[in-house]
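Peer 1:
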Amino acid sequence: MGEILREKYLRQPTPFCAGCGHGIFMNAFLRAVEETGLDFGSTVFVSGIGCGAWVPSPHFRADTLHVTHGRAIAFATGVKLTRPELDVIVISGDGDLATIGGNHLIHAARRNVPIKVFCLNNLVYGMTGGQVSATTPQGDITSTTPQGNPERAFDLVALAQGAGAPYVARFPVVRPRKLTKGIINALRFDQFAFVDVLSLCPTEYGRANRARLQFEGPSLIWSMLEWQKRACVEWEQIDPEDTQGRIPVGEWYAES
35 MGEILREKYL
45 RQPTPFCAGC
55 GHGIFMNAFL
65 RAVEETGLDF
75 GSTVFVSGIG
85 CGAWVPSPHF
95 RADTLHVTHG
105 RAIAFATGVK
115 LTRPELDVIV
125 ISGDGDLATI
135 GGNHLIHAAR
145 RNVPIKVFCL
155 NNLVYGMTGG
165 QVSATTPQGD
175 ITSTTPQGNP
185 ERAFDLVALA
195 QGAGAPYVAR
205 FPVVRPRKLT
215 KGIINALRFD
225 QFAFVDVLSL
235 CPTEYGRANR
245 ARLQFEGPSL
255 IWSMLEWQKR
265 ACVEWEQIDP
275 EDTQGRIPVG
285 EWYAES
């Protein structure tokens with residue numbers, strides 16, 4: 035199955051570091067494409083700058099726009115307004131979509147622009163050297179916060195919900211089957227859809243926070259996967275009085 039998907043949808047091998055969660059997302063996304071029958075011939079993928087942006091461009095056998103930093107959603111909105119018959123899908127990272135481009139995310143959700151946005155959230159600017167992003171947890175170490183991030187992180191699910199997004203989801207790459215199902219649901223949704231994909235960056239985030247977060251085990255990558263598995267809990271199962279160390283995952287539909 036994997037070989038068939040690669041031959042059918044990909045132009046070339048990917049450049050991701052060992053243990054990068056973006057490859058897991060790409061696998062899940064292509065399986066969702068196969069399941070939904072999404073036609074690459076009538077789809078435009080838009081991405082900004084960063085590791086996540088390399089998922090569609092230049093790898094997908096489809097039309098892609100690789101645009102300026104933070105402006106992926108703005109470009110995608112323009113494509114949808116000009117060619118409403120096309121499926122327009124944004125795939126980029128937390129630095130691009132939530133930090134530099136956060137304002138575009140808010141207003142696309144508010145306007146209910148009928149595009150799909152997948153934010154590959156690895157908690158850091160990965161490609162440019164491991165700098166702090168809007169989703170870096172408070173206290174975590176990055177190349178620009180060597181003493182720990184003093185700021186609170188954005189909860190992208192709450193942000194999108196607050197802006198009025200009718201469909202919001204969050205899935206970790208450590209649960210690829212649920213991630214694939216969530217992607218399928220987002221692709222089939224006929225309004226604005228936002229998916230916060232919890233990815234992994236062992237190279238920048240993992241190495242910097244190995245001691246602080248006690249990433250111990252056979253390998254750093256394995257430890258980060260286990261950490262994500264423990265932390266991510268279906269939102270319906272979380273006690274509102276006991277949220278410490280838990281990341282709510284699942285799907286949220288706005289009431290019509």
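In the numbering used here, the protein residues as written are 35 to 290.
From the three backbone atoms N, C-alpha and C, an ideal C-beta is built for every residue, glycine too.
Going by DSSP, which residues form a beta bridge with Val267?
Peer 2: Pro282
Peer 1: In terms of residue numbering, what span does the alpha helix (DSSP H) encompassing Tyr239 cover?
Peer 2: Careful: Tyr239 lies outside any alpha helix (DSSP H) and carries neither H nor E.
Peer 1: Less than 6 Å between C-beta atoms, sequence neighbours within five positions excluded: which residues of the same chain meet that for Ser284?
Peer 2: Rather than Ser, the amino acid found at residue 284 in this sequence is Gly. If you ignore the 5 residues before and after Gly284, its C-beta comes within less than 6 Å of the C-beta of Glu268 and Trp269, all in its own chain and listed in chain order.
Peer 1: With Ala106 and Phe226 assumed to form a contact (beta carbons below 8 Å), what rounded beta-carbon distance in angstroms separates them?
Peer 2: Actually they do not touch by this definition, with Cβ atoms about 14 Å apart.
Peer 1: Would Asp317 and His103 qualify as a contact pair, given that the criterion is a beta-carbon distance under 8 Å?
Peer 2: No answer is possible for residue 317: the residues shown for the chain start at 35 and end at 290.
Peer 1: Could you tell me how far apart the beta carbons of Ile140 and Lys114 are, in whole angstroms, since I believe they sit closer than 8 Å?
Peer 2: Separation of the CB atoms of Ile140 and Lys114 is rounded to 17 Å, and the pair is thereby denied contact status at 8 Å.
Peer 1: Secondary structure at Val147, three-state DSSP: helix, strand or coil?
Peer 2: Coil, per DSSP.
Peer 1: Secondary structure at Phe226, three-state DSSP: helix, strand or coil?
Peer 2: coil
Peer 1: Among Asn146, Pro236, Ile175 and Ile218, which has the Cα closest to the Cα of Ala197?
Peer 2: It is Asn146.
Peer 1: Anyone know if the C-beta pair for Cys54 and Cys235 falls short of 8 Å?
Peer 2: Against a cut-off of 8 Å, the Cβ pair of Cys235 and Cys54 comes out as a contact.
Peer 1: How would you label Thr277, buried or exposed, when you count the other beta carbons within 10 angstroms and need 16 or more for buried?
Peer 2: exposed
Peer 1: Distance, Cα to Cα, Gly82 vs His138?
Peer 2: 12 Å
Peer 1: Is there contact here, the segment 209-220 with the segment 179-195, by at least three beta-carbon pairs under 8 Å?
Peer 2: no
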